[in-house]
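Presented below is the structure to which this report refers.
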Amino acid sequence: MDLEREVTPMLGGRIRCVQPTQGFRFSVDALLLARFVLECGEAAPFVELAAGCGVVSAILARAGMGPGVALELSPHLHRCALETVAANGLEERVRVELADLP
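Count along the sequence shown from 1, add 34, and you get the number used in my numbering.
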């Protein structure tokens with residue numbers, strides 16, 4: 035089943051997030067997590083688990099971190115994460131995988 039998606043501009047339009055119109059959507063938690071990671075130190079590779087729509091990966095990559103990998107189990111949210119990465123021109127910095135952890 036393919037659910038409806040929308041593009042949500044954030045951070046003054048610097049990031050565009052593709053997310054479901056209903057159900058799981060990013061919230062302030064994602065922004066706080068990204069800020070915490072960015073304040074922890076230098077640019078480095080990263081892995082985002084349970085990436086959802088990929089907003090944390092997009093923020094980190096836009097800030098110069100990476101390369102990164104975003105893992106998501108839900109096919110619908112995986113598609114949103116792929117579209118978020120593409121909408122921000124970050125395909126060379128973030129790889130999005132449909133995967134579960136063993």
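Note that the Cβ used here is the ideal one computed from N, Cα and C, for glycine as well.
Bridge partners for residue i per DSSP, in chain order?
i, result
"PRO43", "ARG50"
"GLY102", "PHE80 and VAL128"
Cα separation between residue i and residue j?
i, j, result
"LEU67", "VAL90", "7 angstroms"
"LEU111", "GLY98", "24 angstroms"
"ARG127", "ARG113", "17 angstroms"
"LEU45", "GLY75", "21 angstroms"
"ARG69", "GLN56", "25 angstroms"
"GLY123", "GLU73", "23 angstroms"
Would you decide whether residue i is buried or exposed? Buried here means 16 or more other CB atoms lie within 10 Å of its CB.
i, result
"CYS51", "buried"
"ALA64", "buried"
"ALA95", "buried"
key: Stretch-stretch touch, CB-based, cutoff 8 angstroms, three pairs: the segment 105-115 with the segment 128-135   = Inter-segment contact for the segment 105-115 and the segment 128-135 is present: three or more beta-carbon pairs are separated by less than 8 angstroms.
inquiry  = When you compare the segment 80-98 with the segment 57-72, are there three or more beta-carbon pairs, one atom per stretch, that lie closer than 8 angstroms?
reply    = When C-beta atoms of the segment 80-98 are compared with those of the segment 57-72, three or more pairs fall below 8 angstroms, so the two segments count as touching.
query = Is it a yes or a no for the segment 38-52 touching the segment 113-121, going by three-plus beta-carbon pairs under 8 angstroms?
reply = Taking one beta carbon from each stretch, the segment 38-52 and the segment 113-121 have 3 or more pairs nearer than 8 angstroms; the two touch.
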